[in-house]
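J.: First the structure, which I've put down as structure tokens, then a few questions once you've had a look.
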Amino acid sequence: MSQVDSADADRTIDVRQIEGAPFDDIMAELDALEPGETLLLQSSFEPEPLYDVLSQRGFAHETEQVEPNLFHVEIRHA
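So, in structure tokens, the structure goes:
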């Protein structure tokens, strides 16, 4: 797995900063993601339930645990 870096992402969403469930915010970012662009999702836990949604919507992802409570998920069109 390559290192996921926020400097390489075209867009970033830090779901740790969102009050309540971040699903709608994540979907809005995915809808805005152009082909060839990368979205970096930052989370305090590995968002495993999101992976099936990403796959169903035609996205690929790579996940890296950066710190004990910080995961980076790089998302792009498959």
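Mapping the sequence shown onto the UniProt record's numbering, position 76 (from 1) lands on 76, and the numbers just tick up by one.
Ideal Cβ placement from N, Cα and C applies to all residues, glycine included.
Predicted model, so just to flag it, every value in this text is computed and none were measured.
Please state the DSSP three-state secondary structure of M1.
T.: Since pLDDT at M1 reaches only 41, below the 50 mark, its modelled position is unreliable, and no value is offered.
J.: Decide if V73 is buried, meaning its Cβ has at least 16 other Cβ atoms within 10 Å, or exposed.
T.: That one is buried.
J.: Within its chain, find whatever has a CB closer than 6 Å to the CB of N69; leave out the 5 residues flanking it on each side and keep chain order.
T.: Cβ within range, chain order: S44.
J.: Do D10 and L33 have their C-beta atoms closer together than 9 Å?
T.: It is a contact, given that the beta carbons lie within the stated cut-off.
J.: Which residues mark the beginning and the end of the beta strand (DSSP E) in which V66 is found?
T.: That run of the beta strand (DSSP E) goes 59 to 67.
J.: Whose C-alpha, out of A28, E67, Q65, is nearest the C-alpha of L54?
T.: Nearest option by C-alpha distance: A28.
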